[in-house]
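These protein sequence lines are chains A and B, in that order.
Heads up, our numbering is the position in the first sequence plus 58, with the first residue counted as 1.
Heads up, our numbering is the position in the second sequence plus 58, with the first residue counted as 1.
To keep things clear, I will list the structure first and then write my remarks on it.
2 protein chains.
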Amino acid sequence: MAVPLKVPPACAPFADEEPDLRPVEGREADEELSILAKALGHPARVQIMRLLVRRNACICGDIVDELPLAQSTVSQHLKVLKEAGLIRGEIDGPRVGYCVEPRVLRRLKALVGSL
Amino acid sequence: MAVPLKVPPACAPFADEEPDLRPVEGREADEELSILAKALGHPARVQIMRLLVRRNACICGDIVDELPLAQSTVSQHLKVLKEAGLIRGEIDGPRVGYCVEPRVLRRLKALVGSL
DNA sequence: AATACCTATCGTAGATATACGATTGTTTCA
DNA sequence: TGAAACAATCGTATATCTACGATAGGTATT
């Protein structure tokens, strides 16, 4: 228990410019792209992604306020984005702060760019 | 019936490098991105897109041969991509030649890139 | 400890998507 | 004209998605 393994401050996506070595084509890449695209396949989820990209991070409640949807519905959309890997949620006291997963977003751009 | 209005040769996407002036953000852009993403939200459709990009054009039958799906199912996937605007189908005698719609594909890349 | 606040999950109803076989409608070839 | 070839559409069964209200669970505040 020497070094406490300092965790970076929640949603500060520490400059991870490590290149993604996985191929952008082939069966696995196709599957991956379809999963990511499907997650973006709803206007509310695109809107959420934009909110998170703009503010770099966002409290769940803020997102609910911005969208014309019930809280439970927004929570469901957040879950879809989270399961696709596009966002991450960090418990911060009584609330949950969401932020984009830069690696995955970059991966998505690479996959789309390969078309 | 004077000038026969020469149609360009089927799927030769004549160098249309005209820039797309529509914004990449806002309600309309979000809706557009979600529609395009949804169309790519299935591995078979990603595979179809790749086939079309590679060969620049493709006969429907060829696509059926490449995918482990029934002819009717492939036809349905083609319809989804067509309705999203990502591909175009041109009747060529008894068969139908498909090709990507470069403008829309570029638009998709721009929208994803804006995230 | 009790309350208030915030978010996730459950249950559910209606809509949409996915897959297939069968059928229909063209177009070409014999 | 008839037959063969190709692709779209129809009909259908199953599965997934979408939306909501209601409920549960966890954290701060009183």
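From the three backbone atoms N, C-alpha and C, an ideal C-beta is built for every residue, glycine too.
Note the first and the last residue of the continuous alpha helix (DSSP H) segment covering Asp123(B).
-> Within the second sequence, residue 123(B) is the residue found at index 65, counting from 1. 118 to 124 is the span of the alpha helix (DSSP H), which, as asked, contains Asp123(B).
Should the region 109 to 117 of chain A be called in touch with the region 101 to 118 of chain B, which here means at least 3 C-beta pairs below 8 angstroms?
-> no
Return the first residue and the last residue of the beta strand (DSSP E) that Glu141(B) is part of.
-> Taking the first residue of the second sequence as position 1, residue 141(B) is located at position 83. Note, Glu141(B): premise wrong, no beta strand (DSSP E); alpha helix (DSSP H) at 129 to 141.
Inter-stretch contact (C-beta, 8 angstroms, three-pair minimum) for the region 138 to 147 of chain A and the region 94 to 110 of chain A = Contact holds between the region 138 to 147 of chain A and the region 94 to 110 of chain A, because three or more Cβ pairs, one in each stretch, are under 8 angstroms apart.
When Cβ atoms are compared, which residues of the region 97 to 130 of chain B fall closer than 9 angstroms to chain A?
-> Ala97, Leu98, Gly99, His100, Pro101, Ala102, Arg103, Val104, Gln105, Met107, Arg108, Val111
Exposed unless 16 or more other CB atoms sit within 10 angstroms - verdict on Ser92(A) = For the purposes of this step, residue 92(A) is taken as residue 34 along the first sequence, with counting starting at 1. That one is buried.
Give the C-beta separation of Pro110(B) and Ile145(B) to the nearest angstrom, bearing in mind that I take them to be a contact with Cβ-Cβ under 8 angstroms.
-> As a working mapping, residue 110(B) is identified with position 52 in the second sequence. As a working mapping, residue 145(B) is identified with position 87 in the second sequence. Residue identity check: residue 110(B) is Leu in the sequence provided, not Pro. At roughly 6 angstroms, the Cβ-Cβ gap stays under 8 angstroms, so Leu110(B) and Ile145(B) are in contact.
Short CB-CB distance (under 7 angstroms) between Ser92(B) and chain A = The sequence position of residue 92(B) within the second sequence is 34, counting from 1. Taking 7 angstroms as the CB threshold, Ser92(B) lines the interface with chain A.
Please check if any C-beta of chain A sits within less than 7 angstroms of the C-beta of Asp150(B).
-> Numbered from 1 along the second sequence, position 92 holds the residue referred to as residue 150(B). No, Asp150(B) lies away from the interface with chain A (no Cβ there is under 7 angstroms from its Cβ).
Under three-state DSSP, which class holds Gly171(B)?
-> The residue given as residue 171(B) occupies position 113 in the second sequence. In the structure shown, Gly171(B) adopts helical secondary structure according to DSSP, grouped into three states.
Using a C-beta cutoff of 7 angstroms, does Asp88(B) count as contacting chain A?
-> Here residue 88(B) is taken as the residue at index 30 of the second sequence, counted from 1. Taking CB atoms only, Asp88(B) has a neighbour in chain A less than 7 angstroms away.
Take the Cβ of Gln105(A) as the centre, count every other Cβ of all protein chains shown within 10 Å, and call the residue buried at 16 or more, exposed below.
-> Looking up residue 105(A) in the first sequence gives position 47. By the 10 Å Cβ count, Gln105(A) comes out buried.
In angstroms, rounded to a whole number, what distance separates the CA positions of Pro160(A) and Leu166(A)?
-> Sequence index remark: in the first sequence, residue 160(A) carries index 102 (1-based). Sequence index remark: in the first sequence, residue 166(A) carries index 108 (1-based). Those two C-alpha atoms are separated by around 10 angstroms.
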